Amino acid sequence: MSLQGLWRCAELLRNPFKPAGLGSVRTATKRAGGTVSNHGGSPGKRLGVKKFSDEFVIPGNILVRQRGTVFHPGQHVKMGRDHTLYATVPGYVRFYKVPGARKDRKYVGIVTNKGEKLPRDEQNLGRSRFFGLVDLNAFKKEAAAEATVSS
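Quick note: to get the working numbering, add 1069 to the position in the sequence shown (first position is 1).
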């Protein structure tokens, strides 16, 4: 065998990309993808506090959207079946903890007057009540006042 023939055989063995070579290797044209368990997930559920302290709310306003009871309903607040807290009266939002009660339980309540604090001192101030009734006597007084002004 000549030196030139031996040189060609050595070159074919060294280069794995030549089809005639013994050690030819097939290379990937794309990277390996792997598997994904959650496939990118789902959109966010927009949980959290929607109305903050001292904000004015009307009945039905959502105060907190949550999973489980991070916040518990306080005065004039109710809980929906998905643990959403909502206002039942018009007023101002208050976040508070009850001293001497459960250790880390946080409450959300509504006060009807801006200066009030929660938890309410019911011994001295009495219960906070809101009935949402219409004062019909005020309408009669208004009508009487307008009648006197027009005449």
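By construction, the Cβ of each residue, glycine as well, lies at the ideal position given by its N, Cα and C atoms. Note that the coordinates shown come from a computational prediction; the quantities given were computed from them, not determined experimentally.
Close Cβ partners of residue i (< 7 Å) along its chain, the five nearest in sequence each way excluded
{"i": "H1152", "result": "Q1135, R1136, G1137, T1138"}
{"i": "L1116", "result": "R1134, Q1135, R1136"}
{"i": "R1189", "result": "Q1144, S1197"}
Length of the line joining the Cα atoms of residue i and residue j
{"i": "L1202", "j": "V1146", "result": "18 Å"}
{"i": "G1148", "j": "Y1155", "result": "Residue identity differs from the one stated: residue 1148 is Met in this sequence, not Gly. Distance between the alpha carbons of M1148 and Y1155 is about 6 Å."}
{"i": "F1208", "j": "V1133", "result": "37 Å"}
{"i": "A1101", "j": "K1114", "result": "33 Å"}
{"i": "N1182", "j": "K1210", "result": "25 Å"}
Status (buried if at least 16 other CB within 10 Å, exposed otherwise) for residue i
{"i": "V1105", "result": "exposed"}
{"i": "K1120", "result": "buried"}
{"i": "V1167", "result": "exposed"}
Option nearest residue i by Cα separation, candidates the options
{"i": "I1131", "options": "G1178, K1099, G1195", "result": "G1178"}
{"i": "F1199", "options": "S1071, L1116, P1128", "result": "P1128"}
{"i": "G1143", "options": "R1174, A1212, R1095", "result": "R1174"}
Whole-number beta carbon distance between residue j and residue i, since they are thought to touch under 8 Å
{"i": "L1187", "j": "Y1165", "result": "4 Å"}
Cβ neighbours of residue i in the same chain (closer than 8 Å, five flanking residues each side left out)
{"i": "E1124", "result": "Y1161, V1162"}
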